[in-house]
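Enquirer: Before anything else, here's the structure in question.
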Amino acid sequence: MASRQNSSMLNLGSHSTWKDNADNGLMLSDTARNVFILVNHGVIGTLMCLFGTVGNCLSFAVFLRQGLRMSMNLSLFSISVSDFLGLVLQIWHNFCLNPYVEQIESPLDFMQIQYLTAGWPNVTAVRITGWTTAFTTLKRCLSIAMSLKIKQVQWNAIYYHCDLRTECDCPNTALPVSLPGLVP
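Residue 74 is where the sequence shown starts when you use our numbering, and the numbers rise one by one after that.
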């Protein structure tokens, strides 16, 4: 009786065998797919995101203590903020992908909810992180190539212009907001 209760608790899908799925053209059974998604997204992915959020919180403390007057601290702080936002959204995405959430009897469709509340905002946060990293790399390369002239450039104005251009050129992003454009 106890083994029957345990097997019903682990019921993540249909109990088709590999041979049945091979006849249908499928490589994995529903149960194997659900276990794979649960382990990778639900456990491993979420733990990695939690470690990343803790690391970004430590970065916040370090950069705020040093001050955001230098453009390099500002750019690294903005990378930390957008990466933190992306990781928090990825944790929500992992929750929505959990096979147990699909079994909840709810009028909500969690796949559509995760698409709107985690998918698009996460893509936006990753793009902001990528463009800010590319811009910071360009700035460092220019500071090596033209070391005496680079201090005369107004980097905050360039950050604002580049972030506005990035968000206007990418129409499928949901949140056109970034930190470097907001900090004077």
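Idealized CB from N, CA, C, for every residue including glycine. Here the structure is a predicted model, which is why all the values come from computation and not from measurement.
Could you check how far apart the C-beta atoms of Ile-110 and Leu-170 are, in whole angstroms? I think they sit under 8 Å.
Expert: Confirmed, about 6 Å.
Enquirer: Within this structure, are the beta carbons of Thr-197 and Trp-165 separated by less than 8 Å?
Expert: In this structure, Trp-165 does not lie closer than 8 Å to Thr-197 by Cβ.
Enquirer: Who are the Cβ neighbours of Cys-122 in its own chain at under 6 Å, not counting the five residues just before and after it?
Expert: Taken in chain order, the residues that qualify are Leu-160, Gln-163, Ile-164.
Enquirer: Does Ala-207 pass the burial test, meaning 16 or more other C-beta atoms within 10 Å, or should it be called exposed?
Expert: By the neighbour-count rule (16 or more Cβ atoms within 10 Å), Ala-207 is not buried but exposed.
Enquirer: Give a yes or no on contact between the region 171–185 and the region 140–158, applying the rule of three or more CB pairs nearer than 8 Å.
Expert: Contact between the region 171–185 and the region 140–158 is absent, because fewer than three Cβ pairs lie under 8 Å.
Enquirer: Here's a check: name, in chain order, each residue in its chain whose Cβ is nearer than 8 Å to the Cβ of Phe-133, leaving out the five neighbours to either side.
Expert: Excluding residues within five positions, the ones whose Cβ falls inside 8 Å are Phe-150, Ser-153, Val-154, Phe-157.
Enquirer: Alpha carbon to alpha carbon, what distance is there between Arg-138 and Leu-131?
Expert: Their backbone Cα atoms lie some 11 Å apart in a straight line.
Enquirer: Identify whether Ser-153 lies in helix, strand or coil by the three-state DSSP scheme.
Expert: DSSP places Ser-153 in helix when its eight states are reduced to three.
Enquirer: Within the same chain, show all residues whose beta-carbon is closer than 8 Å to that of Thr-126, passing over the 5 residues directly before and after it, in chain order.
Expert: Answer for Thr-126: Phe-157, Leu-160, Val-161, Ile-164, listed in chain order.
Enquirer: With H, G and I counted as helix, E and B as strand and the rest as coil, what does DSSP make of Met-100?
Expert: In the structure shown, Met-100 sits in coil (DSSP, three-state: anything other than H, G, I, E or B).
Enquirer: Output the boundary residues of the alpha helix (DSSP H) element that contains Asn-195.
Expert: Element bounds for Asn-195: 193–218.
Enquirer: Hey, does His-114 have any beta-carbon neighbour from chain D nearer than 8 Å?
Expert: Here there is only one protein chain, and chain D is not present.
Enquirer: Let's test the definition: count the other Cβ atoms within 10 Å of the Cβ of Ala-136 and tell me whether it reaches 16, buried, or not, exposed.
Expert: Rather than Ala, the amino acid found at residue 136 in this sequence is Phe. When all chains shown are included, Phe-136 counts as buried.
Enquirer: Might you give, ordered along the chain, the residues of its own chain that have their beta carbon closer than 7 Å to the beta carbon of Ser-81, omitting 5 neighbours on each side?
Expert: Annotation note: pLDDT 41 at Ser-81 (below 50); position unreliable, no value reported.
Enquirer: Just the Cα atoms here: how many angstroms apart are Thr-119 and Lys-212?
Expert: Taking the straight line from one Cα to the other gives about 34 Å.
Enquirer: Quick check on Asn-129: buried or exposed, where buried means 16 or more other Cβ atoms within 10 Å of its Cβ?
Expert: Looking at its Cβ environment, which holds 16 or more other Cβ atoms inside 10 Å, Asn-129 is buried.
Enquirer: In whole angstroms, what separates the C-alpha of Thr-210 from that of Arg-142?
Expert: For Thr-210 and Arg-142, the distance between alpha carbons rounds to 18 Å.
Enquirer: From the DSSP output, in three-state form, read off Met-184 for me.
Expert: Looking at Met-184 - three-state DSSP - the assignment turns out to be helix.
Enquirer: Assign Ile-117 to buried or exposed, taking buried as 16 or more other Cβ atoms, counted over all protein chains shown, within 10 Å of its Cβ.
Expert: Ile-117 comes out exposed.
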